[in-house]
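For the sequence shown, the residue numbers in this note's numbering are 69 to 139.
Have a look at the structure below, then the notes.
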Amino acid sequence: MSDPKTELVVVYNICLVCEQQKPSGMQLGTSFICETCEREIVQTEIDDAAYLFYVKKLRNLSILGANGSGG
Ligand SMILES: [Zn+2]
């Protein structure tokens, strides 16, 4: 009897916004936003200063990827 050794590797995504490892959320290209932050973004009003914070974070998405090198 031989059963294949399957490594159970649980890879949590690291949230772009809160930079915490979260099991669930939404994938944005190569980046990930956890459910908590996603809700925060949705609930945040555009006039809110926090919204700008999120937008800046999200804008990094398009900047990343084009340049492979980073400091
Ligand atoms: Zn998050």
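Each residue gets a CB set at the ideal place from its N, CA and C atoms; glycine is no exception.
In the assembly as shown, V85 is a buried residue. Its beta-carbon has 16 or more other beta-carbons within 10 Å. T112 has its Cβ no nearer than 8 Å to any heavy atom of ligand 1. Restricted to the region 83-131, the alpha helix (DSSP H) segments that are unbroken, complete and at least 4 residues in length are 103-111, 117-131, listed in chain order.
C83 is the residue among C83, L76, D116, G97 whose C-alpha sits nearest the C-alpha of E106. A distance criterion of 8 Å places the beta-carbon of L84 in contact range of ligand 1, judged by its closest non-hydrogen atom.
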